[in-house]
Amino acid sequence: MKRVIALLMENQPGALSRVVGLFSQRGYNIETLIVAPTNDPTLSRLTMTTIGDEKVVQQITKQLDKLIDVVTVCDLGESEFVERELMLVKLNKSSIAIDEIEKLQGKVVFEDNNIINLQFVGEPDKLDKLVDNLKTKEPLEIVRSGSLGISSNSKTLTI
Amino acid sequence: MLTLLAFDLKLLGIMRDMSKTQTSGGDALIRSLHEEGVELVFGYPGGAALHIYDALFNQSEVEHILVRHEQGAVHAADGYARSTGKPGVALVTSGPGATNAITGLATAFMDSIPVVVISGQVKSELIGTDSFQETDMIGVSRPIVKHSFLVQKAEDIPEIVKKAFHIATTGRPGPVVIDVPKDFTDPNHTFDFVYPSEINMRSYKPAKAGDSKQIKKAVDLILEAKQPVIYSGGGVINDNASAELTELAKLLQFPITNTLMGLGAFPGTDPQFLGMLGMHGTYEANMVMHNADLIIAVGARFDDRITNDPKKFALKAKKIHIDVDPASLSKIIHADVPITGSAKECLTSLISELKQHNIEKNKLEPWHKQITEWRNKHGLNHSMLDVVPENGKILPQQVIQSLYKETEGKAFVTSDVGQHQMFAAQYYFFDKPRQWINSGGLGTMGFGLPSAMGVQFAYPEDTVACVTGEGSIQMCIQELSTCFQYGLPIKIINLNNAALGMVKQWQDMQYGGRHSSSTYENSLPDFCALSESYGHVGIKVTQLSELESAMKECISLKDKLVFLDVDVDPDEHVYPMLEAGNAMDYMHLSKDKKTW
Ligand SMILES: Cc1ncc(C[n+]2csc(CCOP(=O)(O)OP(=O)(O)O)c2C)c(N)n1
Ligand SMILES: [Mg+2]
Chain A
1 MKRVIALLME NQPGALSRVV GLFSQRGYNI ETLIVAPTND PTLSRLTMTT
51 IGDEKVVQQI TKQLDKLIDV VTVCDLGESE FVERELMLVK LNKSSIAIDE
101 IEKLQGKVVF EDNNIINLQF VGEPDKLDKL VDNLKTKEPL EIVRSGSLGI
151 SSNSKTLTI
Chain B
1001 MLTLLAFDLK LLGIMRDMSK TQTSGGDALI RSLHEEGVEL VFGYPGGAAL
1051 HIYDALFNQS EVEHILVRHE QGAVHAADGY ARSTGKPGVA LVTSGPGATN
1101 AITGLATAFM DSIPVVVISG QVKSELIGTD SFQETDMIGV SRPIVKHSFL
1151 VQKAEDIPEI VKKAFHIATT GRPGPVVIDV PKDFTDPNHT FDFVYPSEIN
1201 MRSYKPAKAG DSKQIKKAVD LILEAKQPVI YSGGGVINDN ASAELTELAK
1251 LLQFPITNTL MGLGAFPGTD PQFLGMLGMH GTYEANMVMH NADLIIAVGA
1301 RFDDRITNDP KKFALKAKKI HIDVDPASLS KIIHADVPIT GSAKECLTSL
1351 ISELKQHNIE KNKLEPWHKQ ITEWRNKHGL NHSMLDVVPE NGKILPQQVI
1401 QSLYKETEGK AFVTSDVGQH QMFAAQYYFF DKPRQWINSG GLGTMGFGLP
1451 SAMGVQFAYP EDTVACVTGE GSIQMCIQEL STCFQYGLPI KIINLNNAAL
1501 GMVKQWQDMQ YGGRHSSSTY ENSLPDFCAL SESYGHVGIK VTQLSELESA
1551 MKECISLKDK LVFLDVDVDP DEHVYPMLEA GNAMDYMHLS KDKKTW
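Those protein sequences? They're chains A and B, same order as listed.
The first sequence runs 1 to 159 under the numbering used here.
The second sequence runs 1001 to 1596 under the numbering used here.
Printed below as a string of structure tokens:
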């Protein structure tokens, strides 16, 4: 099962490599990973998705929590949460019409005479489908950010 | 003359030190160690560490012990830590010095031992340029340390040292690396030395007390149990909780077994003690685990050398699991009552909660009777010295029993890895925690001698024996020179079976006796002559009739390192031995006897 794990860690050199290293060291998979400083610049928030059963995910969160640089960890799947991903697509301009872009809820972020860059934001599986649908347009490049998540109740991941 | 001069220089250095308000990073590092109560540092110098070595020279509070290989430095610091409970410290240079320390770090990590390793690093401006003797120590050591620090400026050194010792010694202890670029110890850059009185780390708050609801649940299970067992490990020793463990076992009259790492936490000579459990555990300990209806695990982690096949492990038993590391709980075996907290505090709460209840001990009688039957049937023979083998060879077990007898069970015993280690664990009764020092988790050959040095430095008056094999001892044999330099009277008890015995045993049992690269084709050195060339005493034993008098002589030479090289039966195997892929009651009991 896919899981989304979010954590806050010290915004310090070496912290990220400890988190990533833990996954290879203990044989867990990372599907996606995003990390960026929070509005408290001493902290970074890291969101990752992984595949595993209940027991594996419990082990992952406990092992992450054990890392000295990690301040707090949350398995977002423990309550309701919202998951979103950003996707940028580069196409030959001639391969897609403006009304089609609107139908797909895409946004034009760059265009010139030959090239058009589109932005999509959505749930990852919706983006998966979109990628399928775009195949016929022979996209030149597709880049995805990986998931971000936030719990949708009043609970927050803070220190 | 030369020594006098050095002495004067040292004195001058001290005077200089006292008048100085400003310190360099190098001085700050040593002063910080002193603030942490460090008296000994085991190390080996080199370019990137030379400012630090100069700082060491200029003071007299922290003594430096020059080893002969950085692996030896970390093992010595580790042995010091295991035997005293205080953190051990090693100092190495960058590059090869740092990589040589890696095996020591991994050894300490697997057994959760508080060791602080300070590694010199190339100048900060050279980091990342493949400069001479540059190794990414933080990267290389990352998976085998509890935490690590790369110093970013000299002024940070006191706070980093404070944090490093705090992290190494609290919660589940473990090794910490401090990597110090050379420019941050430069004597030309000075600053005000202030040692922080406390530190606050928002991201590190190890658990202490156990949850009281969980303790109550544990008590309910304990009161119901008819076939209980206490299974304790190194966590009890690390947390100095042996007294509490013993009190609990006595209060409940439950049988108790210790892991290889936990030996000594409960007195080995006490009739309630079942001996060690697991791969080479006693028949009765493994049978008790397999048939138990309740297992109280304290500071033990259900390692695969204990459980055998975890899917078949102690299926009838409810499990109470106390551990300071929440990640150990339900990692391998599901805990019915998981309790996160320090062994000492959890056991104390458990005992006081239990004392509120009426503990009915009669119902344990059939269980104790059963255990006695098991013990009588296939227990270890602890009178091996009375056995005279037909082939005239000395049995390795006899050497351990002779050592036990001669040291009256009071020696510190360090060990290496192999058959000799298992014989020592099985046949020497450890009545006290921290008396038995061995690399259980990583199984590091070469650990025995350097760790014994750490123990002997901490306890100069006590007998420290290193039970080893001719294979293992050769992995850090260079430390014989360190022992001579510092006058360490370690007793090396070499169970010489002229083979990598444990490997050979597996080859006998699983590979049709094909001894692939497990013997040396008559290439072994004369260990006695070798030791003598280092300035020590060597005693060779080839006959059983000589064993006890040679052992007596070895132990009685109080001021000398003695290398007692005993030829033992090369065909002897360690039993019991669990049969892989099965439950804990599947044991080989001898070459031709098994339990199934
Ligand atoms: C550094 C290291 N390399 C290899 C091993 C694998 N190993 C385990 S026991 C053993 C044989 C040890 O031989 P010896 O020290 O003579 O002990 P014996 O089993 O003969 O008593 C070996 C090679 C190990 N544990 N550590
Ligand atoms: Mg051997």
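Ideal placement from N, C-alpha and C gives every residue a C-beta, glycine not left out.
All figures in this text were calculated on a predicted structure; none of them were measured in a lab.
Give the straight-line distance between the Cα atoms of residue i and residue j, rounded to the nearest whole angstrom.
i                       : j                       : result
residue 1005 of chain B : residue 1405 of chain B : Only weak support is given to the placement of residue 1005 of chain B: the predicted model assigns it a pLDDT of 46, under 50, and the question is left unresolved by the model.
residue 92 of chain A   : residue 147 of chain A  : 27 Å
residue 1314 of chain B : residue 1586 of chain B : 12 Å
residue 1489 of chain B : residue 1549 of chain B : 19 Å
residue 73 of chain A   : residue 1325 of chain B : 16 Å
residue 1118 of chain B : residue 1463 of chain B : 30 Å
residue 1248 of chain B : residue 1305 of chain B : 25 Å
residue 1511 of chain B : residue 1504 of chain B : 9 Å
residue 1329 of chain B : residue 57 of chain A   : 14 Å
residue 1445 of chain B : residue 1502 of chain B : 12 Å
residue 1498 of chain B : residue 1433 of chain B : 32 Å
residue 1334 of chain B : residue 1199 of chain B : 36 Å
Hey, is residue i's beta-carbon within less than 7 Å of any beta-carbon in chain B?
i                      : result
residue 68 of chain A  : yes
residue 21 of chain A  : yes
residue 62 of chain A  : yes
residue 157 of chain A : no
residue 25 of chain A  : yes
residue 35 of chain A  : no
residue 71 of chain A  : yes
Within the continuous beta strand (DSSP E) that includes residue i, where are the two ends?
i                       : result
residue 1546 of chain B : Segment 1544 to 1556 is the alpha helix (DSSP H) holding residue 1546 of chain B; no beta strand (DSSP E) there.
residue 151 of chain A  : 141 to 151
residue 1528 of chain B : No beta strand (DSSP E) contains residue 1528 of chain B, which is instead part of the alpha helix (DSSP H) from 1527 to 1533.
residue 952 of chain B  : Here chain B has residues from 1001 to 1596 only, and residue 952 of chain B is not among them.
residue 1228 of chain B : 1228 to 1232
residue 118 of chain A  : 115 to 122
residue 1083 of chain B : Here residue 1083 of chain B belongs to no beta strand (DSSP E); instead the alpha helix (DSSP H) covers 1070 to 1084.
residue 1022 of chain B : 1022 to 1024
What do you get for residue i, buried or exposed, if any count of 16 or more other CB atoms within 10 angstroms of its CB means buried?
i                       : result
residue 1214 of chain B : buried
residue 1111 of chain B : buried
residue 1359 of chain B : exposed
residue 1202 of chain B : exposed
residue 1002 of chain B : With a pLDDT of only 43 at residue 1002 of chain B, under 50, the local geometry of the prediction cannot be trusted, and no value is derived from it.
residue 972 of chain B  : Any property of residue 972 of chain B remains undetermined from this structure, which presents chain B solely from 1001 to 1596.
residue 1596 of chain B : exposed
residue 26 of chain A   : exposed
residue 1520 of chain B : exposed
residue 1066 of chain B : exposed
residue 1121 of chain B : buried
residue 1392 of chain B : exposed
What span of residues does the alpha helix (DSSP H) with residue i cover, start to end?
i                       : result
residue 1618 of chain B : Outside the shown range of chain B (1001 to 1596) lies residue 1618 of chain B, about which nothing can therefore be said.
residue 1177 of chain B : No alpha helix (DSSP H) holds residue 1177 of chain B; the beta strand (DSSP E) holding it covers 1176 to 1181.
residue 54 of chain A   : 54 to 66
residue 1513 of chain B : Segment: none, residue 1513 of chain B is in no alpha helix (DSSP H) and carries neither H nor E.
residue 25 of chain A   : 15 to 25
residue 7 of chain A    : Premise fails: residue 7 of chain A lies in the beta strand (DSSP E), 2 to 10, not in any alpha helix (DSSP H).
residue 1455 of chain B : 1448 to 1458
At a threshold of 6 Å, does residue i count as lining ligand 1 (C-beta to nearest heavy atom)?
i                       : result
residue 1472 of chain B : yes
residue 1622 of chain B : Chain B is shown from 1001 up to 1596; residue 1622 of chain B falls before or after that span and cannot be answered.
residue 1034 of chain B : no
residue 1079 of chain B : no
residue 1413 of chain B : no
residue 1501 of chain B : yes
residue 59 of chain A   : no
Measuring from the CB of residue i, is there a heavy atom of ligand 2 at a distance below 6 Å?
i                       : result
residue 1469 of chain B : yes
residue 1443 of chain B : no
residue 1438 of chain B : no
residue 1494 of chain B : no
Strictly under 7 Å for the Cβ-Cβ distance: is residue i near chain A by that measure?
i                       : result
residue 1228 of chain B : no
residue 1301 of chain B : no
residue 1203 of chain B : yes
residue 1327 of chain B : yes
residue 1147 of chain B : yes
residue 1087 of chain B : no
residue 1143 of chain B : yes
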